[in-house]
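**Student:**
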Amino acid sequence: MSTLSEQIKRRRTFAIISHPDAGKTTLTEKFLLYGGAIQLAGSVKGKKTARHAVSDWMEIEKQRGISVTSSVMQFEYDGYCINILDTPGHQDFSEDTYRTLMAADSAVMVIDAAKGIEPQTRKLFKVCAMRDIPIFTFINKLDREARNPFDLLEELEQEFGIGTYPINWPIGCGVDFKGVFDREKREILAFNEFHNGQNKLKTIQCDITDTERLDELLGPYQRASLVDDIELLDGASYEFDLEKIRHGKLSPVFFGSALTNFGVETFLENFLKMTTPPLPRRCEEGEIDPFDEDFSAFVFKIQANMNKNHRDRIAFMRICSGKFEKDTEYLHVQQGKKIKLSQPQQMLAENREIISEAYAGDIIGVFDPGIFSIGDTICAPKSKVRFEGIPTFAPEHFAAIEQVDTLKRKQFVKGITQIAQEGAIQIFTEPGGGMERVIVGVVGVLQFEVLEYRLKNEYNVAIRREDLPYSYIRWLADPAVEPKSLNLTSDTKWVQDLKGNNLLIFVSEWNIQWAKDKNEGLQLMDFNRG
Ligand code: G4P
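If you're matching positions, the sequence shown starts at 124 in the working numbering and goes up one per residue.
1) Measure the Cβ-Cβ separation of residue 266 and residue 297 and say whether it is below 8 Å.
2) For residue 188 and residue 622, what's the separation of their Cα atoms in angstroms?
3) What residue range does the beta strand (DSSP E) around residue 87 cover?
4) Decide yes or no for the touch test of the stretch 490-504 against the stretch 549-569: beta carbon pairs closer than 8 Å, at least 3 of them.
5) Report all residues from its chain with a CB closer than 8 Å to the CB of residue 349; omit the five preceding and five following residues, and keep chain order.
6) When we look at the beta-carbon of residue 573 and count the other beta-carbons within 10 Å, is it buried (16 or more) or exposed?
7) Pop quiz: residue 326 and residue 310 are said to be a contact at Cβ under 8 Å. What is the actual Cβ separation, rounded to whole angstroms?
8) Opposite residue 597 in the DSSP bridges: which residues?
9) Can you give me the start and stop residues for the beta strand (DSSP E) that residue 584 sits inside?
10) Exposed or buried, which one is residue 260 when buried takes at least 16 other CB atoms within 10 Å?
11) Tell me whether residue 375 sits in a helix, a strand or coil according to DSSP, three-state version.
12) To the nearest angstrom, how far is the alpha carbon of residue 180 from that of residue 539?
13) Using a threshold of 8 Å, state whether the C-beta atoms of residue 587 and residue 525 are closer than that.
14) Rounded to whole angstroms, what is the Cα-Cα separation between residue 322 and residue 380?
15) What is the rounded straight-line gap between the Cα of residue 284 and the Cα of residue 378?
16) Does DSSP put residue 133 in a helix, a strand or coil?
17) Is residue 629 near residue 593, with beta carbons less than 8 Å apart?
18) Give a yes or no on whether the C-beta atoms belonging to residue 438 and residue 495 are separated by under 8 Å.
19) How big is the Cα-Cα spacing for residue 158 and residue 201?
20) Give, in chain order, every unbroken run of the beta strand (DSSP E) that is at least 3 residues long and sits entirely within the stretch 543-580.
21) Would you mind giving the Cβ-Cβ distance between residue 565 and residue 516, rounded to the nearest angstrom? I have them listed as a contact below 8 Å.
22) Got a sec? Which residues, its chain only, sit under 7 Å from residue 372 by beta carbon, not counting five neighbours each side?
23) Report the three-state DSSP secondary structure of residue 392 (helix, strand or coil).
24) Going by the DSSP bridge assignment, what does residue 200 pair with across the sheet?
25) The ligand G4P heavy atoms versus the CB of residue 217: any closer than 7 Å?
26) Comparing C-alpha positions only, which one of 224, 585, 500 and 486 sits nearest to residue 462?
27) Evaluate contact between the stretch 415-426 and the stretch 442-452, counting only Cβ atoms and requiring at least three cross-stretch pairs below 8 Å.
28) Quick check: does the Cβ of residue 489 come within less than 7 Å of any heavy atom belonging to the ligand G4P?
29) Going by C-alpha to C-alpha distance, which of 146, 465 and 194 sits closest to residue 136?
30) Decide if residue 408 is buried, meaning its Cβ has at least 16 other Cβ atoms within 10 Å, or exposed.
31) Given this structure, state the Cα-to-Cα distance separating residue 626 from residue 617, to the nearest angstrom.
32) Please look up how many angstroms separate the CB atoms of residue 523 and residue 562, rounded, as I've assumed it's under 8 Å.
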């Protein structure tokens, strides 16, 4: 039996982020293969017909039109217990994607070597940067034509304002991809395209000054270019600094190819060494040490309808300290009530399993009879901590909705308020307009369809939806400012939240600037807030 502290020390909890198609699913699958959590390549992301993805296990829900989730997987590798939080892409993108990052201690950012930074990578990076969480970069698809690696690094540094430290360096790309040079070991890891995705790769120890041997391995052209690159890197790149890495100021960069399984194991090994075990969490009383004996956790995601036979909800929580034990009484801080968490479960590759214990760093899902809200704290009764809330993320798409059948007004209001409480949508009203017509704001457009589907299926209300052209939302910082008196472009809209706070929604950043220019002293606050 290992002790509490041994169990916690071996935990690593990270989110995997990327723009769709960069290779996040493929990389996750390779991690799981190494961990022995799955046996078959392709079981995470099956071919179009058969299996549904492990990390995309909401595929079935998606077909029913209501997928919006981030999944969590746990597996063991080399003595570590690893929790991967997947962040959904495509139009599944939602606030959940952002909130998931609140539950991670670090992030792995997958970048397509031919494309570099893409819009979704940018958005997710910003959220990671808000919390200074360490970011590890995996530049993927080197087996295809790729951009110049120096350009890719420069792009990361310029766009994200962080340093980069390449742990390895690619030798060619596409059909000329020969492998990578390990900067620490000063050796070449050769790419062998016939390894079938499973075998160990050939590591060739070769001093960078051994011209003859390098010529033999790479040919004179690639040898010369590698030697130049390494000289340039050693001279000009950032110094390796673990402290900076752990504070999100320096990103270790790895080059590889998830599909051909090249560079994945090196990545995993280095990553596990460099990341931290679960980190302390901020709460109102200060910080909670993960090694504290008393259990504490916060809810970062609530998901409805995972089981189509039951209209249940699952609350996902990140354990921040101590050990969770089944059938133990805990305190739900926000409601001030003692509760037992029912059907506690964890995702292990394809399966959801009922668990009897879990440790700081782990993510568990529990059955939610409708009592939890995003950001709630659950803890051992005597510890009474309260974690800092989860930020609200600015919606980027807006629509006006109203019920088709006016007699269903009560169900309509109940439905949208409950769904808003879960954090799936944000609702606003037009001043003086009441709840007949509601402005809904979401982070990802699929949320509108989910809302429509759920209102119909769970509340039996059909709605009419009018998509609105707005993309930006700002608070009026000064409550004394009368929105009616402001000089705004005709396409700027004044709305209120359910507490009556005034907000403005804009179609473009240009309009925000216009509002500031034409109204002296006007203070507009960003929506993302802690
Ligand atoms: P995502 O989760 O980030 O959206 O990306 P995913 O892993 O699904 O990969 C997107 C596509 O890119 C897939 O091809 C996948 O096989 C391919 N891919 C991933 N990593 C690499 C790599 O290292 N090299 C190359 N050449 N391709 C890679 P697809 O044709 O869209 O899907 P599938 O038919 O292979 O499932």
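Note that CB positions come from ideal geometry on N, CA and C, so glycine has one too.
**Tutor:** Per the coordinate set shown:
1) Looking up residue 266 in the sequence shown gives position 143. Looking up residue 297 in the sequence shown gives position 174. Yes, these two residues count as a Cβ contact at 8 Å.
2) As a working note, residue 188 is residue 65 in the sequence shown. As a working note, residue 622 is residue 499 in the sequence shown. In this predicted model, residue 188 has a pLDDT of only 36, less than 50, meaning its place in the structure is not dependable; the value taken from the coordinates is given anyway. Distance between the alpha carbons of residue 188 and residue 622 is about 31 Å.
3) The question about residue 87 has no answer here: the residues shown for the chain are numbered 124 through 653.
4) Because the criterion of three Cβ pairs below 8 Å is not met, the stretch 490-504 and the stretch 549-569 do not touch.
5) Sequence index remark: in the sequence shown, residue 349 carries index 226 (1-based). 292, 294, 304, 331, 337 and 341.
6) Start at 1 with the first residue of the sequence shown, and residue 573 comes out as number 450. Buried, because 16 or more other Cβ atoms sit within 10 Å of the Cβ of residue 573.
7) Here residue 326 refers to the residue found at position 203 when the sequence shown is read from its first residue. Here residue 310 refers to the residue found at position 187 when the sequence shown is read from its first residue. Between residue 310 and residue 326 the Cβ distance is about 6 Å, and since that is below 8 Å, they are a contact.
8) Here residue 597 is taken as the residue at index 474 of the sequence shown, counted from 1. DSSP lists 627 and 649 as partners of residue 597.
9) One-based indexing of the sequence shown puts residue 584 at position 461. Secondary structure note for residue 584: it is in no beta strand (DSSP E), with a DSSP letter that is neither H nor E.
10) For this step, residue 260 is matched to residue 137 along the sequence shown. So residue 260 counts as buried.
11) Position 252 of the sequence shown holds residue 375. Here residue 375 sits in strand by DSSP.
12) Your numbering for residue 180 matches position 57 in the sequence shown. Your numbering for residue 539 matches position 416 in the sequence shown. With a pLDDT of only 36 at residue 180, under the threshold of 50, the placement of this residue in the model should not be trusted; the figure read from the coordinates follows. Their backbone Cα atoms lie some 26 Å apart in a straight line.
13) For the purposes of this step, residue 587 is taken as the residue at position 464 of the sequence shown. For the purposes of this step, residue 525 is taken as the residue at position 402 of the sequence shown. Yes, the Cβ-Cβ distance between residue 587 and residue 525 is below 8 Å.
14) As a first step, residue 322 must be located in the sequence shown, where it is residue number 199. As a first step, residue 380 must be located in the sequence shown, where it is residue number 257. Reliability fails at residue 322, whose pLDDT of 47 lies under 50, so the model's placement of it is uncertain and no value is given.
15) Sequence index remark: in the sequence shown, residue 284 carries index 161 (1-based). Sequence index remark: in the sequence shown, residue 378 carries index 255 (1-based). One C-alpha to the other measures close to 20 Å.
16) On the sequence shown, position 10 is the one that residue 133 refers to. DSSP, read as helix, strand or coil, puts residue 133 in coil.
17) As a first step, residue 629 is located in the sequence shown; it is residue number 506 there, counting from the start. As a first step, residue 593 is located in the sequence shown; it is residue number 470 there, counting from the start. Cβ distance < 8 Å, so residue 629 and residue 593 count as in contact.
18) What you label residue 438 is simply residue 315 of the sequence shown in a count that begins at 1. What you label residue 495 is simply residue 372 of the sequence shown in a count that begins at 1. Yes. Within cutoff.
19) Position 35 of the sequence shown, counted from the start, is the residue given in the question as residue 158. Position 78 of the sequence shown, counted from the start, is the residue given in the question as residue 201. When rounded, the distance between both Cα atoms is 8 Å.
20) Assignment of beta strand (DSSP E) within the stretch 543-580, counting only whole runs of 3 or more residues, yields 549-552 and 560-565 in chain order.
21) Numbered from 1 along the sequence shown, position 442 holds the residue referred to as residue 565. Numbered from 1 along the sequence shown, position 393 holds the residue referred to as residue 516. Contact flag wrong, Cβ pair sits at about 10 Å.
22) The count along the sequence shown starts at 1 and reaches residue 372 at position 249. For residue 372, where only same-chain residues beyond five positions count, the Cβ hits under 7 Å are 285 and 286.
23) To locate residue 392, count along the sequence shown from 1; it is residue 269. The three-state secondary structure of residue 392, taken from DSSP, is helix.
24) Within the sequence shown, residue 200 is the residue found at index 77, counting from 1. Residue 200 pairs with 203.
25) For the purposes of this step, residue 217 is identified with residue 94 of the sequence shown, where counting begins at 1. No heavy atom of the ligand G4P is found nearer than 7 Å to the CB of residue 217.
26) Taking the first residue of the sequence shown as position 1, residue 462 is located at position 339. Comparing Cα-Cα distances from residue 462 to each of 224, 585, 500 and 486, the minimum goes to 500.
27) Touching, yes.
28) As a position in the sequence shown, residue 489 is number 366, starting the count at 1. Checking the Cβ of residue 489 against the ligand G4P gives no.
29) For this step, residue 136 is matched to residue 13 along the sequence shown. Out of 146, 465 and 194, 194 has the C-alpha closest to the C-alpha of residue 136.
30) Here residue 408 refers to the residue found at position 285 when the sequence shown is read from its first residue. That one is exposed.
31) Taking the sequence shown and counting its residues from 1, the one referred to as residue 626 is at position 503. Taking the sequence shown and counting its residues from 1, the one referred to as residue 617 is at position 494. Approximately 6 Å, taken between the alpha carbons.
32) Your numbering for residue 523 matches position 400 in the sequence shown. Your numbering for residue 562 matches position 439 in the sequence shown. The beta-carbon separation of residue 523 and residue 562, rounded to 6 Å, stays under the 8 Å limit for a contact.
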